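Chains as they are written, first to last, in my numbering: chain A, 474 to 760; chain B, 474 to 760.
Backbone N, C-alpha and C define an ideal beta-carbon position, used for all residues, glycine too.
Since this is a predicted model, take the numbers as computed values, not measurements.
Notes follow once the structure below has been shown.
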């Protein structure tokens with residue numbers, strides 16, 4: 474039987490040619506995803522990044538899956554209209570319930586934060602006992618256990634919601650007694666499950682990393698490792714852009730454009746806290 | 474000059490005749506307003522109540538005033554379509570920024586929670602030094618100081634945002650070290666201002682009342698009074714319905730219908746916590 478040439482039916486040739494000089498699109502329900510932007514900017518300093526924070530509808534964490542999918546589609550389409558070469562879903566809740574829909578709908582690479590986080594967790598865990606903290610939405614979706622099991626069927630996952638950590642991070646209560654006691658309460662079931670890795674399954678949690686790391690060491694032991702999905706996602710994004718020939722080549726440092734759907738009252742302070750550096754200019758868009 | 478009869482130009486005769494057997498409409502950004510419903514049901518046990526929680530867009534507390542006004546109009550119109558005789562805005566953030574717009578737009582009595590709370594605070598304060606805790610939106614609107622000053626120009630108001638109290642109430646962490654330490658931190662500026670009344674300026678806070686009361690007594694003194702806007706609002710609503718001849722007269726206990734714009738994952742548990750009694754049936758509507 475004759476070999477058929479790769480015609481226009483082939484997925485590879487149908488794939489739109491993407492311009493490596495286009496920016497990366499990153500979105501989150503609010504400003505938490507800026508911790509992912511920070512890691513991307515560190516790993517890929519030449520890339521331009523357009524960040525969209527859906528601050529008018531934050532937080533997604535407690536919403537129904539159907540609502541999260543609808544909101545995520547709105548965010549993704551708005552970024553595609555801006556012209557991007559790849560999309561990073563810098564939100565664990567959206568990555569948990571809407572990634573497949575976005576991948577089916579969009580003709581460009583789409584990366585979530587859960588799969589990279591799960592892979593990094595398995596790599597870091599000697600005993601394959603992995604603890605995850607996240608929002609109610611992320612945890613009740615079961616996305617982390619599922620993602621871990623696709624990497625290692627022998628791994629055991631203890632995943633628990635920690636709803637108070639987002640408001641603590643937003644309030645800037647990053648150390649001291651209140652965050653310490655809240656973190657300890659949320660780590661209790663993970664300590665009981667004898668995990669040796671704690672995954673920060675929410676983009677806000679890196680702000681509380683020092684407290685989480687300190688308490689986890691005290692409650693679980695000095696061997697415990699804290700894994701940050703944001704860092705793992707930036708590494709996988711760099712590899713993906715390289716593999717597909719999509720790395721920006723122009724000289725000079727990249728830029729970060731900030732879009733929001735509502736200007737929160739504490740916006741400047743929050744961007745400084747999440748992204749580092751001074752408060753930034755921002756464009757408000759309607760979805 | 475001859476006396477002109479009250480013609481159709483008179484505001485009083487132009488006012489639509491409202492049916493006392495219609496239900497009361499109550500809305501909030503989420504489920505916190507159920508603490509107000511609870512007080513209304515206690516004060517007016519014969520009234521039917523339709524409650525709308527805009528759970529798809531909760532929380533309003535950190536959103537811009539323009540967005541809050543737009544959301545509030547959507548909620549109010551949805552309740553008016555259901556057929557109501559009066560509207561209670563059971564949300565401090567909306568009462569702070571959108572009450573005038575709603576009153577101008579709607580042809581029925583509209584009651585917020587801030588004015589009743591401010592009147593109750595002045596009545597309870599011997600030294601006319603009043604402390605208020607609320608969301609960022611409520612506090613930065615300046616609505617409580619303004620409302621207090623319309624009651625007493627001699628009163629001094631110390632109003633401070635306490636963003637962590639809403640997630641604490643929703644998480645059900647109502648006593649113990651974490652809420653105790655968070656409450657103490659938020660009460661510090663009120664204690665320094667030597668207030669003798671603390672207003673619970675958010676519908677979630679009545680759940681933390683015991684902790685707030687206990688810590689306020691310890692930090693400020695046994696004379697301090699905690700004023701709950703929800704309770705004050707229910708009392709003023711009862712007086713308003715009586716004055717306008719709008720009290721329901723039919724026999725038997727009233728009912729509470731719950732509408733939400735998204736079904737939050739922890740809905741049943743939350744209604745039980747806020748409203749008391751068992752979890753309730755609910756209707757999901759689109760605004």
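Item                                                                                                                                                                 : Value
At a CB-CB cut-off below 7 Å, which residues of chain A make contact with residue 540 of chain B?                                                                    : 529 and 735
Is DSSP giving residue 633 of chain A helix, strand or coil here?                                                                                                    : strand
Hey, would you say residue 729 of chain A sits closer than 9 Å to residue 514 of chain A, going by beta carbons?                                                     : yes
Look up residue 561 of chain A in the DSSP assignment and give the residues it is bridged to.                                                                        : A:499 and A:584
Does any CB atom of chain B fall closer than 9 Å to the CB of residue 622 of chain A?                                                                                : no
Expressed to the nearest angstrom, what Euclidean distance is found between the alpha-carbon atoms of residue 744 of chain B and residue 507 of chain B?             : 7 Å
For the alpha helix (DSSP H) containing residue 638 of chain B, list its first residue and its last residue.                                                         : 638-644
The stretch 655-667 of chain B: which residues have C-beta closer than 9 Å to a C-beta of chain A, in chain order?                                                   : 655 and 658
If we ignore side chains and look at the alpha-carbon of each, how far apart do residue 528 of chain B and residue 578 of chain B end up?                            : 23 Å
Taking 9 Å as the CB-CB limit, is residue 691 of chain B close to chain A?                                                                                           : no
Residues bridged to residue 756 of chain B by DSSP?                                                                                                                  : B:732
Alpha carbon to alpha carbon, what distance is there between residue 673 of chain A and residue 584 of chain B?                                                      : 44 Å
To which residues of the same chain is residue 495 of chain B closer than 7 Å at the C-beta, ignoring the five residues directly before and after it?                : 556, 557 and 558
Kindly identify the DSSP beta-bridge partner or partners of residue 659 of chain B.                                                                                  : Note: residue 659 of chain B sits in no beta bridge, so no partner.
On the three-pair Cβ rule with 8 Å, is the stretch 527-541 of chain B touching the stretch 597-604 of chain B?                                                       : no
In the stretch 530-576 of chain B, which residue ranges form an unbroken alpha helix (DSSP H) of at least 4 residues, counting only runs that do not cross its ends? : 538-555 and 565-570
Does the distance between the C-beta of residue 677 of chain B and the nearest non-hydrogen atom of the ligand SAH fall short of 8 Å?                                : In the structure on display, the ligand SAH does not appear, and there are no ligands present to speak of.
Compare the C-beta of residue 507 of chain A with all C-beta atoms of chain B and state if any pair is closer than 9 Å.                                              : no
With a threshold of 16 other CB atoms inside 10 Å of the CB of residue 594 of chain B, please say whether the residue is buried or exposed.                          : buried
Applying a beta-carbon distance threshold of less than 8 Å, which residues of chain B neighbour residue 637 of chain A?                                              : 637, 640, 641, 644, 646 and 651
Using a 10 Å radius around the Cβ and a threshold of 16 neighbouring Cβ atoms, would you call residue 534 of chain B buried or exposed?                              : buried
In this structure, how does DSSP classify residue 607 of chain A when only helix, strand and coil are distinguished?                                                 : strand
Taking the continuous alpha helix (DSSP H) assigned at residue 624 of chain A, which residues delimit it?                                                            : 616-624
What does the alpha-carbon distance come out to for the pair residue 501 of chain A and residue 554 of chain B?                                                      : 34 Å
How would you call residue 592 of chain B, buried or exposed, if buried means at least 16 neighbouring beta carbons within 10 angstroms?                             : buried
Following the continuous beta strand (DSSP E) through residue 674 of chain B, name the residue where it begins and the one where it ends.                            : 670-674
So is residue 571 of chain B buried or exposed if we call it buried at 16+ other beta carbons inside 10 Å?                                                           : buried
Near residue 625 of chain B, which residues of its chain fall below 8 Å by C-beta distance, leaving aside the five closest residues on each side in sequence?        : 595 and 601
Can you give me the C-alpha to C-alpha distance between residue 659 of chain A and residue 660 of chain B, rounded to a whole angstrom?                              : 25 Å
Just tell me which of B:750, B:574 and B:746 has its CA closest to the CA of residue 645 of chain B.                                                                 : B:746
What is the residue span of the beta strand (DSSP E) that residue 525 of chain A lies within?                                                                        : 522-526
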